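Novice: Pasting a structure below so you can have a look.
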Amino acid sequence: MPLPKKKQVQGKLQTKEGKPIPYANVVIKNPIGQIVAFKASDSEGYFAILLPDSIKVKTLLLEVKHLGYKTVSIAMTIPKNYYALLMEEEAIDLSEVEVKSRPHIDKRGDTLIYQVQSFAKNEDRSIGDVIRRMPGMEVGDNGEIKYNGKSIANFYIDGDNLLDDKYAIGSKTIPHGMVKGVEVLQNHQPIKVLQNKRYSDDVAINLVIKEEAKLKLTGQAKVGAGLPDQYDEELNALLFNKKYKLLNVLKGNNVGEDLSADFTAFNRSSFLADIGNEHPGSLLSSGTAGLPALPKNRFYLNNSASLNANNLTHLKKGLLLKSNINLLLDKNRLDYRGLNELYLEHDTIRYTEQQVITRKPFLTDVMLTAEDNKENHYIKDELRFSYSGSAMPSALSRDNLVMNQQLKERISDFSNHFQYVPQLRNKNIITVAWYTNYYNRPQTLSISPGVNPNVLYDSSTYASTKQFVEIPSWFNKASLAYGLVKGFLKQQYGVGLIHEQQQMQSDLHFMQLDGSEHRYSLEGTNRLHWNRNRFYVDATYGFKKDRINATLALPFAWQTVNYRDRSFNLDTAKRQWLFNPSFRMQIRVGAEDFIALNYAYANQLGDISQVYRGAVLVNYRSLMANRAGLREEKSHRVRLRYNFQRSVDLLFVNTGLDWSRATADAILSSRVTNQLTQTILVPLSNNVSTFSAYGGISKYIFGLGATTALKASWSTSRFNQLLNEQLLPYSNTIFSLSPSIEARLWELFSLSYQATATWTASKLADGKLQLSLPEQAIQLYDQSLMLNLTPNKRWLVGVNGRHLLTLQKHAQTIRYFFIDAHLRYTVNKWHSDIELNLTNLADIKTYEAYSLTANQFWYNRYILRGRMAVLKYTFTIR
Amino acid sequence: MLAMGVVSVSILRAQEDMPVLATAHYNFIYVNDTTQRSKYHEEEMILYIAKDASLYESNAGKQVNEQLLKQAKDPAFDGNITIVGRGSTNESYFVRPAEKIFKVVHKLGGRQYLLDENYPEINWKIGQETKTIGGYTCQRADMHFRGRDYTAWFTPDLPFSYGPWKLSGLPGLILEASDSRNEVVFHYVGFDKVSGGELVFGLPSDLIVTEKSAFLNLQEAFKKNPQAVLKAGTEGKTASTPLVKGKRDDMSTQINQVIDPSKIKSINILKTDPERVSNVTNNPIELTD
């Protein structure tokens, strides 16, 4: 009898009532659960499946999984080849269908959309907590957000730039429950009339607010109190309407939260550098130690209050009005003891210093903006007024000598920025801009008793030293440009004018024991006038075709600088041509990948702080003056970056190389003695070069629900120091590695681990010179682990540990282990959270740190906040 | 009156709305111009899964509606609408396997046209290879369909015999598929359950039932003179009923309430990056065998 070449299984599917079941898949599975054959039943419920010849029927399983019916699964037996199956109807139950990977991210062109719900965890409250977990995103300790290694340029709330670049308050305050998605806008051009016309490599993010959250004003009241004598209060109000948006926050605390961090304008310094208006830095300081490299709430002994009011409204015809008001009042204390060693060829100089500083800063900052952003024109005016200052009394002891210091400063900063960009009938673009700024920062440093009588005051004792300095500055820039936007080569031709006017005034006074006042000869007074005028013509070419995006900028400028101070017979003018070209290019190498190359050449002149002749006592042991002409520095900077992303797989990679070399015609020369450092700028050609390589990878692991990341960077720099008339070439090398993981295990348990290992080495690049300490190396290991348990939606228990280890060749190993714990209970009925935070459980009261720069070694010991317990009640107002 | 001339309008009995049980998102990549392979079409697509039927369409419709609504609600709305987006698929596929029904809904000039197509009979060959996609263990299946050899990856863990485009009929949801030349590719983006009838889909009664030849004529006419066709088709009519409707944020209802069609002066479609996708199609998805 001829046997069929293939084995066949037949059968019929029907209900108990005899109703046939059409179009149900009947599958045959092998012992490891793989499907070897399948067939859908026909309209009468019949099925016939051919099985491969080689298969062993005895091991097989016949299964019917059909929506609306109970699953049937039976083992097949040998002689049987007809299966009449009765199926039982049931309500559709998808509880067994497991959702393992939601659509986390949508990608549309240059926009990437993260679904907030997919990344949020039970313990999260603010949108910043969730952004931190999104692969490819980074949130710094100061609140700065980066996407694939690049800082964001704008932070939009439902399309509106309510907070400008002071967005840290937004990511801290906005509850993640209000936000549907976080959009990442790459190659973002905020000015509508320039979209598709001027190429941008900026990245911005936009919080998409849920429809139901747009309806009304919401807010939170937080009341906290704790031991020892702690308070922490906050009241906020949020409204994100289509027409009206507000984010107003009132805060006060003494638990170590630095409220001035909310006012950090992340892009301000790069904006000022771009426009050419860099403010003169702070000249005077009360000490030589910096702040410890710890989160500020560990050591910040404060009493702070702030108001952060941001309001925006869209008027008819699309005009947008916005006000951002920042107010801060603060009083804080820093208590430290330090050692500073300077290695010279034949000598090592040691300073010790101990200081208790009470700082009383205040700040008022008002910004008013009017903007009309349309497809055919753009008008914006931004008016900013800021007045801030601080009084800083401190008790300083140095080599058993006790001094009373007072540093007082006031900063006035006023600016107006106007921009107008119309589109002409032929689609070409005109850009008109005018920026004006007034800035002044008067500072007074008083020290009693008078310091360094043998150097400063003919060796006779005197009562006190008083140093005053201010540099009132006016800056104006006006520009006009015409842009041709057709075709793949966009051209822009512009002209502009910069005018800068400054006066440096400084006086060094001595009070005698009898109360009379003296000037420090003639050399302690500056009356320096500075004038800088620049006229420029520039041509910018933007090229965009296929995979290439490139911009070439060719600015030619004629610049004159005049500075004069009669008392020093100084009257100098420097006139020159400047040409500072730059080039950047982005090549798309895949759907989501690109390589970017940037090159810039800059010929930069020094500023007023490098030409004053009279001595300035910048701190109790440093006297500064200049002898050189205007310092000129020529630099080349090259940056190569590779960005790789697979948004569907949630994989983000970036890597890059930076190289720069600068040649300057003057160098700071220091003459160091045990008593005083005298620094002057002297003409001497010298080079500074740096090279760094960095990379980062971030990946979301679907099976674990975890975001993992690894970052590494290596950088080396070579530079020179002129110390006691000896030129010392140094080389510094830093390598750092930081792995991190954010994981949620079994829904109720989450883990977050972050570590940074840093190796710093500094050595003299010239082996011929003999210094008392030839080579230095410090290793820092900083690890933190956070564990959170959420047994249900109401409870949260968490523990954080942070371990810090410092290793150094010739010094003692330093180890710290900080432990914090927190507990939270949510009362849904009252829209409330009750929270208990226990900070610094081990009660660590001091912190020691080493640092290393060139030939200087620093050791500092800081007083920390001790153990603390704060109970906080948060009420959400709906 | 052009539209009326070439299309036979008839009334269709509405398919009852079916509750969506789950959705799957795919990233659809299609090399439409083999001379410029880097300028391929890329788009996010959604598959809506119901008990007895599925509906597959572009996610762009939702995105366009979002933009429409945003601009129309703006107090500064001046009647000119600009829609920014990459070119998107204007077809939706409705499949009802038990009755071997396969229908295509074309969107053209604000109206929706319903066409019958042959039910794609696919002879799948099950392989023994497995791989994990989005956390699901998937099994391989191969077949030949309209001129291309496809490989699909399906997961029995998601017991829905549906998939992207015209690919379906496996004992589990298809999460990934591509042809042997990698010119037609569907990548898995995500899967989510939809609870308690939050979303429904069906074929609304205001669809214009037509035949392929008549529709192709209309399409041709639209290409030549879109304004005329648009005018003929939309006179006295608001936006047509969408195939997928949500309970909560029903965007189309909002659009109907917010947008007064007489106030719309112009609709301007801006492609975000016109240079990235080739305008030439020399490589149809369905080839002749």
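In the order they appear, the protein sequences are chains A and B. Going by my numbering, the residue at position 841 of the first sequence is 1754; the numbering climbs one at a time, nothing skipped. Going by my numbering, the residue at position 134 of the second sequence is 137; the numbering climbs one at a time, nothing skipped. Don't be surprised by glycine CBs; every beta carbon is placed ideally from N, CA and C. Everything numeric in this text was worked out from a predicted model, so none of it was measured.
1. Please work out which residues of its chain come closer than 7 Å, Cβ to Cβ, to K952 (chain A), disregarding the five sequence neighbours upstream and downstream, and give them in chain order.
2. Within the continuous alpha helix (DSSP H) that includes R1181 (chain A), where are the two ends?
3. Taking the continuous beta strand (DSSP E) assigned at L1581 (chain A), which residues delimit it?
4. Should the region 193 to 201 of chain B be regarded as contacting the region 34 to 41 of chain B, the criterion being three or more beta carbon pairs within less than 8 Å?
5. With respect to the beta strand (DSSP E) encompassing I1044 (chain A), which residues constitute its N-terminal and C-terminal limits?
6. Which residues of chain A have a Cβ atom closer than 8 Å to the Cβ of I129 (chain B), listed in chain order?
7. Do we get a CB-CB distance below 9 Å when we pair K196 (chain B) with the residues of chain A?
8. With a threshold of 8 Å on Cβ separation, who are the neighbours of Q1425 (chain A) within its own chain once the five nearest residues in sequence on each side are excluded?
9. Quick one: is K106 (chain B) buried, meaning 16 or more other Cβ sit within 10 Å of its Cβ, or exposed?
10. So with CB distances below 7 Å, who are the chain B contacts of G1616 (chain A)?
11. Is W1743 (chain A) helix, strand or coil by DSSP?
12. Mind checking if S956 (chain A) is an interface residue toward chain B, Cβ cutoff 9 Å exclusive?
13. Got a sec: is the Cβ-Cβ distance from K42 (chain B) to anything in chain A below 9 Å?
14. Measuring CB atoms only, is the region 1067 to 1084 of chain A touching the region 1175 to 1186 of chain A, in the sense that at least three cross pairs come out at less than 8 Å?
15. Which residue from A:N1061, A:L1410, A:K971 and A:K1758 puts its Cα closest to that of D1114 (chain A)?
16. Do you know whose CA, among A:H1549, A:D1006 and A:V1106, lies nearest Q1332 (chain A)'s CA?
17. From what residue to what residue does the beta strand (DSSP E) around G193 (chain B) run?
18. Below 7 Å on C-beta distance, what does K978 (chain A) contact in chain B?
19. Over what stretch of residues does the alpha helix (DSSP H) that includes K1085 (chain A) continue unbroken?
20. Mind checking whether E1254 (chain A) and F1770 (chain A) have CB atoms under 9 Å apart?
21. What I want to know is whether the C-beta of Q1725 (chain A) ends up closer than 8 Å to one or more non-hydrogen atoms of the ligand ZN.
22. What do you get for H190 (chain B), buried or exposed, if any count of 16 or more other CB atoms within 10 angstroms of its CB means buried?
23. Using a cut-off of 8 Å between C-beta atoms, extract the partners of L1007 (chain A) located in chain B.
24. Could you please give the first and the last residue of the uninterrupted beta strand (DSSP E) stretch that includes P1652 (chain A)?
25. Taking only runs that begin and end inside the region 923 to 983 of chain A, name each unbroken alpha helix (DSSP H) of 4 or more residues, in chain order.
26. According to DSSP, is D1175 (chain A) part of a helix, a strand, or is it coil?
27. What are the residues of the region 96 to 110 of chain B that lie near chain A, defined by any Cβ-Cβ distance shorter than 8 Å?
28. In whole angstroms, give me the CA-to-CA distance for I177 (chain B) and Y982 (chain A).
29. Need the endpoints of the beta strand (DSSP E) that P1366 (chain A) sits in, please.
30. In angstroms with no decimal places, state the Cα-to-Cα distance between P22 (chain B) and L246 (chain B).
31. Work out the CA separation of G205 (chain B) and V212 (chain B) for me, nearest whole Å.
32. How long is the line joining the alpha carbons of R1211 (chain A) and G1169 (chain A), rounded to whole angstroms?
33. List, in order along the chain, the chain B residues whose C-beta lies closer than 7 Å to that of Y936 (chain A)?
34. Verify the CB distance criterion: does G200 (chain B) have a CB-CB separation below 9 Å to chain A?
35. Counting only C-beta atoms, is V970 (chain A) closer than 9 Å to chain B at any point?
36. Who are the near neighbours of N1149 (chain A) in its chain, counting only those whose CB is closer than 6 Å to its CB and skipping five residues on each side?
Specialist: Taking the geometry as given:
1. Numbered from its first residue, the first sequence carries residue 952 (chain A) at position 39. Excluding residues within five positions, the ones whose Cβ falls inside 7 Å are V939, F960, A961 and I962.
2. On the first sequence, position 268 is the one that residue 1181 (chain A) refers to. Residues R1181 to I1188.
3. Counted from its first residue, the first sequence places residue 1581 (chain A) at position 668. Start and end: L1564 to V1585.
4. no
5. Taking the first sequence and counting its residues from 1, the one referred to as residue 1044 (chain A) is at position 131. Here I1044 (chain A) belongs to no beta strand (DSSP E); instead the alpha helix (DSSP H) covers I1040 to I1044.
6. The residue labelled residue 129 (chain B) in the question sits at position 126 within the second sequence. The answer, in chain order, is I948, V949, A950 and F951.
7. Taking the first residue of the second sequence as 1, we reach residue 196 (chain B) at position 193. It does; some Cβ of chain A falls within 9 Å.
8. Counting from 1 along the first sequence, the entry for residue 1425 (chain A) is found at position 512. The residues are Y1375, A1376 and H1431.
9. Within the second sequence, the letter at position 103 stands for residue 106 (chain B). K106 (chain B) is buried by the Cβ-count criterion.
10. Here residue 1616 (chain A) is taken as the residue at index 703 of the first sequence, counted from 1. For G1616 (chain A), the neighbours in chain B by C-beta distance under 7 Å run, in chain order, G138.
11. Taking the first sequence and counting its residues from 1, one reaches residue 1743 (chain A) at position 830. DSSP places W1743 (chain A) in helix when its eight states are reduced to three.
12. As a working mapping, residue 956 (chain A) is identified with position 43 in the first sequence. S956 (chain A) counts as touching chain B.
13. Here residue 42 (chain B) corresponds to residue number 39 of the second sequence, with the count starting at 1. Cβ-Cβ to chain A under 9 Å: yes for K42 (chain B).
14. yes
15. The count along the first sequence starts at 1 and reaches residue 1114 (chain A) at position 201. Out of A:N1061, A:L1410, A:K971 and A:K1758, A:N1061 has the C-alpha closest to the C-alpha of D1114 (chain A).
16. Counted from its first residue, the first sequence places residue 1332 (chain A) at position 419. Per the Cα distances, A:V1106.
17. As a working mapping, residue 193 (chain B) is identified with position 190 in the second sequence. V187 to K196 is the extent of the beta strand (DSSP E) around G193 (chain B).
18. Along the first sequence, one-based indexing puts residue 978 (chain A) at 65. Correct list: P162.
19. Here residue 1085 (chain A) refers to the residue found at position 172 of the first sequence. It spans A1081 to T1086 - the alpha helix (DSSP H) in which K1085 (chain A) sits, taken as one unbroken run.
20. Residue numbering aside, residue 1254 (chain A) sits at position 341 when the first sequence is read from its first letter. Residue numbering aside, residue 1770 (chain A) sits at position 857 when the first sequence is read from its first letter. Cβ atoms of E1254 (chain A) and F1770 (chain A): closer than 9 Å.
21. This structure lacks the ligand ZN, and indeed carries no ligand of any kind.
22. In the second sequence, residue 190 (chain B) corresponds to position 187, counting from 1. That one is buried.
23. In the first sequence, the residue the question calls residue 1007 (chain A) occupies position 94. Here the neighbours are L24, A25 and K196.
24. Numbered from 1 along the first sequence, position 739 holds the residue referred to as residue 1652 (chain A). Note, P1652 (chain A): beta strand (DSSP E), Q1639 to L1658.
25. none
26. In the first sequence, counting from the first residue as 1, residue 1175 (chain A) sits at position 262. In this structure, D1175 (chain A) counts as helix in the three-state DSSP scheme.
27. P100 and A101
28. Mapped onto the second sequence, residue 177 (chain B) falls at position 174. Mapped onto the first sequence, residue 982 (chain A) falls at position 69. C-alpha separation (whole angstroms): 21 Å.
29. In the first sequence, the residue the question calls residue 1366 (chain A) occupies position 453. Counting along the chain, P1366 (chain A) falls outside any beta strand (DSSP E), though it belongs to the alpha helix (DSSP H) covering P1366 to L1369.
30. Along the second sequence, one-based indexing puts residue 22 (chain B) at 19. Along the second sequence, one-based indexing puts residue 246 (chain B) at 243. P22 (chain B) and L246 (chain B): Cα-Cα distance of roughly 12 Å.
31. Residue mapping note: residue 212 (chain B) aligns to position 209 of the second sequence, counting from 1. Residue mapping note: residue 205 (chain B) aligns to position 202 of the second sequence, counting from 1. Roughly 15 Å separates the two Cα atoms.
32. Your numbering for residue 1211 (chain A) matches position 298 in the first sequence. Your numbering for residue 1169 (chain A) matches position 256 in the first sequence. If you take the alpha carbons of R1211 (chain A) and G1169 (chain A), they lie about 7 Å apart.
33. Start at 1 with the first residue of the first sequence, and residue 936 (chain A) comes out as number 23. Going along chain B in sequence order, the residues near Y936 (chain A) (Cβ under 7 Å) are P100 and A101.
34. As a first step, residue 200 (chain B) must be located in the second sequence, where it is residue number 197. For G200 (chain B), the closest Cβ of chain A is not nearer than 9 Å.
35. As a working mapping, residue 970 (chain A) is identified with position 57 in the first sequence. No, no contact with chain B.
36. As a first step, residue 1149 (chain A) is located in the first sequence; it is residue number 236 there, counting from the start. The beta carbon of N1149 (chain A) sits closer than 6 Å to the beta carbons of T1086, G1132, Q1133 and V1162 from its chain, once the five residues preceding and following it are set aside; these are given in chain order.
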